[in-house]
Amino acid sequence: MQNIPAIQPKNQLDPSVFSEDEKERIRSAIRNKYAAVSSSAAGYFSYPVGKEGAILLGYTQDILDETPDDLMNSFCGVGNPFSVAPLKEGSVILDIGCGAGFDLACASRGTGAAGRVYGVDFSPEMVRRATANLAAMGITNAEVMLISSELLPFPDDTYDTVISNGAINLSPDKPRLFQEIHRVLKQGGWLQFADIILERELPPHLLAGVESWSQ
């Protein structure tokens, strides 16, 4: 991973210390990592990934049995957003940081043929992989879109539920991303996400490296 000593926020909770150029450098480093993860997550994370990880996170055996190994190999979720509440049939769902499409496939089953599922991701490789995986599984009520920042390319009040799994922590501008999530959710809509959080201040040597954003 590339070290960028200039990216050292004085206040780790305040994204305003990052310039737009610094934010883009962080996003670029994340894209580089997830380009590799799109083929296989093995060896890139300090927690179980792939089918083993999905089993430990409580995904049901029927969806695991239906999911191709090529898709499961790139799964690196940190939780199970569907454990919060079941999706309503016919609802419109957005998956932020959809990766190779495993949670998209789960959401497609949950919302049914009358519903619609959209995925967005920073990584072109992940978007291509997710699009191919959905086609291979015969899923026709889901589609994937590439984004380049926290701005979501959707109208206000579009989604019944927004899901995310291990992706929001990667954003260098989380307040903006949460504002966008609130904007695109319908009144009374749900945000169901699983993620990792920082429990204590990072030491200087970790603050100096982009790898801290994508471990």
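Under my numbering, think of the first position of the sequence shown as 45, with each following residue one higher.
We treat Cβ as the ideally placed atom computed from N, Cα and C, and that holds for glycine.
Here the structure is a predicted model, which means the values were calculated and not measured.
According to DSSP, simplified to helix, strand and coil, what is residue i?
| i | result |
| --- | --- |
| Leu-246 | coil |
| Val-104 | For the sequence presented, residue 104 should be read as Thr rather than Val. Here Thr-104 sits in coil by DSSP. |
| Ala-85 | coil |
| Gly-159 | coil |
Please classify residue i: is it buried, with 16 or more other beta-carbons within 10 angstroms of its beta-carbon, or exposed?
| i | result |
| --- | --- |
| Ser-192 | exposed |
| Gln-223 | exposed |
| Asp-147 | buried |
| Ser-152 | buried |
| Arg-71 | buried |
| Leu-138 | buried |
| Asp-200 | exposed |
What residue does the alpha helix (DSSP H) around residue i start on, and which one ends it?
| i | result |
| --- | --- |
| Ile-74 | 64 to 81 |
| Val-122 | That residue, Val-122, is in no alpha helix (DSSP H); it is neither H nor E in DSSP. |
Tell me which residue opens and which closes the beta strand (DSSP E) that residue i is part of.
| i | result |
| --- | --- |
| Ala-186 | 186 to 190 |
| Val-93 | It is not in any beta strand (DSSP E) - Val-93 carries neither H nor E in the DSSP assignment. |
| Phe-237 | 229 to 238 |
| Val-206 | 203 to 209 |
Between the options, which has its C-alpha nearest residue i's C-alpha?
| i | options | result |
| --- | --- | --- |
| Glu-110 | Met-181, His-226, Arg-160, Arg-220 | Met-181 |
| Asn-213 | Arg-153, Asp-204, Ala-238 | Ala-238 |
| Arg-172 | Thr-184, Ile-74, Tyr-162, Val-188 | Val-188 |
| Phe-126 | Val-206, Gly-97, Tyr-78 | Val-206 |
Roughly how many whole angstroms lie between the Cα atoms of residue i and residue j?
| i | j | result |
| --- | --- | --- |
| Ser-82 | Asp-165 | 12 angstroms |
| Ile-107 | Arg-227 | 31 angstroms |
| Met-116 | Cys-150 | 12 angstroms |
| Glu-133 | Cys-142 | 20 angstroms |
| Ile-74 | Cys-120 | 14 angstroms |
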